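Undergrad: Input: one structure, supplied below.
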């Protein structure tokens, strides 16, 4: 069994502006008292350490929001606090999400100095019109410049693109992907545009202001992406994530392998194994509510609930089958106390194996390439 | 003979919306049967469905006390009858209880098909018919044209038609005077043995079964021991009375009178419409003519959408039968739809009413399979004949000598600009033209049609191709052999029993293509491709393929998303529980519901 990871997620909830596709917990505020926020993050971490004493930290992830808006001194304080509260692995991965605006790119050296060794840039598109459709405030030149700075500053970096956009064809996407690959170093996240409830796109799409590629074209774009990236040696290790071998995001692997992680900051979630139970933690979602909770009761947790056994099975499957490596049978048994064949719907499992969407041997339960592409329907069949 | 010269018994014949119920309301008001504060619209239609749809399902009577212009006092008995062909037998019994009819025609719309069928029945019952032109106050009224039409189409003298407006109350007295002057008084003998016609019956929560009767001879009194001549059952009369329309106990009913009795009867099924009541002690020798049991002609399956409602459906059907003994229900099991009932009705409207009452009064969500008719299956080697109510019960074709199907004689009235499309529709439905005549700019078509073609979606098509202007009515017209086959629908090579239908061979291709085309849009894409086929025996006559799902996955799923996305998956799983499995294929119940809904093509 591979060594379990233990990650710490830190949420910075602020953005300059809200992107129309984004349903993350992000907020636009004219001004914030950063010192106060820094103290609160450190306080919440201190509390989290009492729940997970002596766990060895394998990754730290600053997500948002836009954590690149953070003062690098805050980043440094958080990293130092973590090192004071828990033992930290020598090769710890410390990632930070960044916007490719020129102002933020100037801070990259500061983040590097604070200990960040990997950035993930929200490039989203290399087509000017599509950048403005997606509500991004940077332009293509800024994006390219930010990529160059990131490449020079950090040992590892990744960037995101959003595809299956209105009007996109397999030909235009191929051209854009080729350009992206010229600049990629080891890792790329390629997401299909999804319309999420509560976003500006949700309303606008419902009113018919734009159309998305139909399922057939979306399927073709997905298949094209898989083939293209596999060809250049960056196969998908997860449904929307591609990396050269060894360049995978260790923090995100922790989620997908259903290992433990701490979540601090507004709306952050955690999963902690405590006395045989899997505890789901949730922090207060609104930034102000979280801040005042930490200041008054010493932590930002809104709830801590043990995940029920049937829900735990769903979580293990829905996360693990996203990975090309699948789910290690040993981990599965460790987590759920039963063999996959005993825990899953036997008819559905047989059918999925028969149709070539799932493979199961003594070491791994895996979704095949075709199975991952249709994972929702596959999961529906596997669940009892 | 007893002197009955001050009694008049009459019914009202009218097309839906031509004002029958409004006229009845006005007559009651004029004769003082109800105080103003007791009046509401459609006094005689007591069921919600009757009021809303403007139809009458159960017969009702009212005794009107009228002092005529000649100073004499008359008793006028109004018999309000169901107007629809599904209840033709009840109508004929109601008519048999009267000596005359008011024929109410909308002065702007003219005669409609339904009016025709009923007026012919009234003529057959030897009724004196008084034409009444209603809505004479409307600007579009054309009394002269409509009078001419009555003469041309029905052959009645309409010169003395009474022109009224039931809505405003105009000339209601003219109607009452015409009834007194033109209708014959009933005849009967109060010394003779009792003979009373059972016109209708219904269940009342307080009184038990209430029977509506017309006394022909003798006197019906409370305390008498009665015998039903067709069923042989005996009952002791409890209450005897009349409706004004409020029930008033009179203690007796004499010859020529119409009223109600109760006799401690528990179920409507024990009272056969058309039966003759006589006195046990002094029975009549011969019953009144015309009794026949009613037989369901249209059958369909009713299944609860939620399987847990099966018991509730069973009890609800039982309660409905307390009040309506003319439908049948027997338990049925379907692989597609689970446990339910096969219900036999007098016609499509009757079927619709039963469904609607189950939905509304008993709060049931139901799936209804395509209606089918009763086929007579003659087996080889003198194996006898069996009556087929359900396509699923069809014997092996090699054992069948021939299949006979019911035909109807249909009358269609339509403005002549739509004649062409209606003729095409009738031809497409295997119709045989009997007659085509004109009255003004309206054509009257008489066609023989197989009932099976009519239950499919004929009404809806007729309405849509004539923009609602065609009116239609029919009567049963015997059985004839037909080249009929069972068409099965296979989803991923598995037959779906609920979708099997019996069709004429010439229609099979068209129906098959329509059904598989519809299912293609209704069954969600799955992880593999799904052929949908229509087949007769082993021969596939239509085929569509649902392509396999190409992509179905969340683009993003990270640590913060787990709980929320797990809930999505839970919801998806719940949805799957509402599906029926056919081999590997999950079919949502909504797909059956939509596939079985008729007339949306």
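Residue numbers (our numbering), protein chains in the order written: chain A, 14 to 397; chain B, 4 to 604.
For each residue, glycine too, the CB sits at the ideal point set by N, CA and C.
Quick caveat: nothing in here was measured; it's all calculated off a predicted structure.
(1) Do we get a CB-CB distance below 8 Å when we pair residue 228/A with the residues of chain B?
(2) Shorter than 8 Å from the beta carbon of residue 170/A to some beta carbon of chain B?
(3) For chain A, check one thing: does any of its Cβ atoms lie closer than 8 Å to the Cβ of residue 411/B?
(4) Report all residues from its chain with a CB closer than 6 Å to the CB of residue 602/B; omit the five preceding and five following residues, and keep chain order.
(5) Could you work out which residues of chain A lie near residue 524/B, taking near to mean beta carbons separated by less than 7 Å?
(6) Give the secondary structure of residue 596/B by DSSP, where H, G and I count as helix, E and B as strand, and everything else as coil.
(7) Just to make sure I have the definition right: I need the residues of chain B whose C-beta is within less than 8 Å of the C-beta of residue 368/A. Which are they?
(8) Got a sec, what are the start and stop residues for the alpha helix (DSSP H) residue 157/A sits in?
(9) Apart from the five residues just before and just after residue 598/B, which ones in its own chain have a Cβ nearer than 8 Å to its Cβ?
(10) Contact criterion: CB-CB distance below 8 Å. Does residue 200/A meet it with respect to chain B?
(11) Mind checking who residue 254/A pairs with in its DSSP beta bridge?
(12) Taking 7 Å as the limit between beta carbons, can you name the residues of its chain near residue 94/B, skipping five residues before and five after?
(13) Roughly how many whole angstroms lie between the Cα atoms of residue 287/A and residue 65/A?
(14) In whole angstroms, give me the CA-to-CA distance for residue 604/B and residue 443/B.
(15) Is it the case that the Cβ atoms of residue 531/B and residue 368/A are separated by a distance below 8 Å?
(16) At a Cβ cut of 9 Å, what residues of the segment 545-563 of chain B count as close to chain A, listed as they run along the chain?
(17) Using a Cβ cut-off of 8 Å (strictly closer), state whether residue 356/B contacts chain A.
(18) Can you round the beta-carbon distance between residue 203/A and residue 225/A to whole angstroms, since I take them to be within the 8 Å contact cut?
(19) Between the C-alpha atoms of residue 250/B and residue 79/B, what's the straight-line distance to the nearest angstrom?
(20) Taking 8 Å as the threshold (C-beta atoms), are residue 106/B and residue 133/B in contact?
(21) Can you tell me whether DSSP reads residue 38/A as helix, strand or coil?
(22) What residue ranges within the segment 82-106 of chain B form continuous beta strand (DSSP E) runs of no fewer than 3 residues, ordered along the chain?
(23) Spatial neighbours of residue 497/B within its chain, please: C-beta separation below 7 Å, excluding the five flanking residues on both sides.
(24) Would you decide whether residue 161/A is buried or exposed? Buried here means 16 or more other CB atoms lie within 10 Å of its CB.
(25) Please list the terminal residues of the continuous beta strand (DSSP E) segment that includes residue 274/A.
(26) Measuring only between beta-carbons, confirm whether residue 422/B sits less than 8 Å from chain A.
(27) Where in the segment 76-135 of chain A do unbroken runs of the beta strand (DSSP E), each at least 3 residues long, occur, reported from the N-terminal end onward?
(28) Can the beta-carbon of residue 147/A be found closer than 8 Å to that of residue 34/A?
(29) In angstroms, rounded to a whole number, what distance separates the CA positions of residue 52/A and residue 292/A?
(30) Among residues of its own chain, excluding the 5 on either side of residue 349/B, which ones have a beta-carbon nearer than 7 Å to its beta-carbon?
(31) Hey, could you find the ends of the alpha helix (DSSP H) residue 217/B is sitting in?
(32) Here's the rule I'm using: 16 or more other beta-carbon atoms within 10 Å means buried, otherwise exposed. How should residue 116/A be labelled?
(33) In the DSSP assignment, what are the bridge partners of residue 379/B?
(34) Considering residue 267/A, what are the terminal residues of the alpha helix (DSSP H) in which it resides?
(35) With a threshold of 6 Å on Cβ separation, who are the neighbours of residue 123/A within its own chain once the five nearest residues in sequence on each side are excluded?
(36) Going by Cα to Cα distance, which pick from 153/A, 129/A, 149/A and 165/A is closest to residue 140/A?
TA: The relevant details are as follows:
(1) At a cut-off of 8 Å between beta carbons, residue 228/A contacts chain B.
(2) No - not a single Cβ of chain B is within 8 Å of the one on residue 170/A.
(3) No, no contact with chain A.
(4) Annotation note: pLDDT 45 at residue 602/B (below 50); position unreliable, no value reported.
(5) Per Cβ cutoff of 7 Å: no residues; residue 524/B is ~14 Å from chain A at best.
(6) In the structure shown, residue 596/B sits in a helix (DSSP, three-state: H, G or I).
(7) In chain order: 530 and 531.
(8) That run of the alpha helix (DSSP H) goes 153-166.
(9) The residues are 502, 518, 521, 522 and 525.
(10) It does not: the Cβ of residue 200/A has no partner Cβ on chain B nearer than 8 Å.
(11) When DSSP reads this structure, residue 254/A sits in a beta bridge with 202/A and 251/A.
(12) Take residue 94/B, set aside five residues on each side of it, and the residues of its chain with a beta-carbon closer than 7 Å to its own are 84, 85, 121 and 124, in chain order.
(13) In this structure, the CA atom of residue 287/A is about 8 Å from the CA atom of residue 65/A.
(14) A caution first: residue 604/B carries a pLDDT of 43, below 50, which makes its placement in the model unreliable, though a value can still be read off. Our two residues, residue 604/B and residue 443/B, have alpha carbons roughly 34 Å apart in a direct line.
(15) It is a contact, given that the beta carbons lie within the stated cut-off.
(16) When CB distances to chain A are screened at a threshold of 9 Å, the residues of the segment 545-563 of chain B falling below it are 550, 551, 552, 553, 554, 555, 556, 557, 558, 559, 560, 561, 562 and 563, in chain order.
(17) Output row for residue 356/B: interface = no.
(18) About 16 Å separates the beta carbons of residue 203/A and residue 225/A, which is beyond the 8 Å limit, so they are not a contact pair.
(19) Going from the Cα of residue 250/B to the Cα of residue 79/B covers about 16 Å.
(20) In contact: residue 133/B and residue 106/B (Cβ atoms closer than 8 Å).
(21) In the three-state reduction of the DSSP assignment, residue 38/A falls in the coil class.
(22) Fully enclosed beta strand (DSSP E) runs of 3 or longer: not present.
(23) So the list reads 585 and 586, once near-sequence residues are dropped.
(24) Residue 161/A should be labelled exposed.
(25) 273-277 is the extent of the beta strand (DSSP E) around residue 274/A.
(26) Taking Cβ atoms only, chain A never reaches closer than 8 Å to residue 422/B, which makes this a no.
(27) Listed in chain order, the complete beta strand (DSSP E) runs (minimum 3 residues) inside the segment 76-135 of chain A are 101-111.
(28) At a Cβ-Cβ threshold of 8 Å, residue 147/A and residue 34/A count as neighbours.
(29) Taking the straight line from one Cα to the other gives about 26 Å.
(30) Contacts found: 89, 90, 297, 299, 300 and 329.
(31) For residue 217/B, there is no enclosing alpha helix (DSSP H); the residue is found in the beta strand (DSSP E) stretching over 211-220.
(32) Exposed is the call here.
(33) Beta bridge pairing from DSSP links residue 379/B with 390/B and 407/B.
(34) It spans 263-269 - the alpha helix (DSSP H) in which residue 267/A sits, taken as one unbroken run.
(35) So the list reads 85, once near-sequence residues are dropped.
(36) Sorting 153/A, 129/A, 149/A and 165/A by C-alpha distance to the C-alpha of residue 140/A places 153/A at the top.
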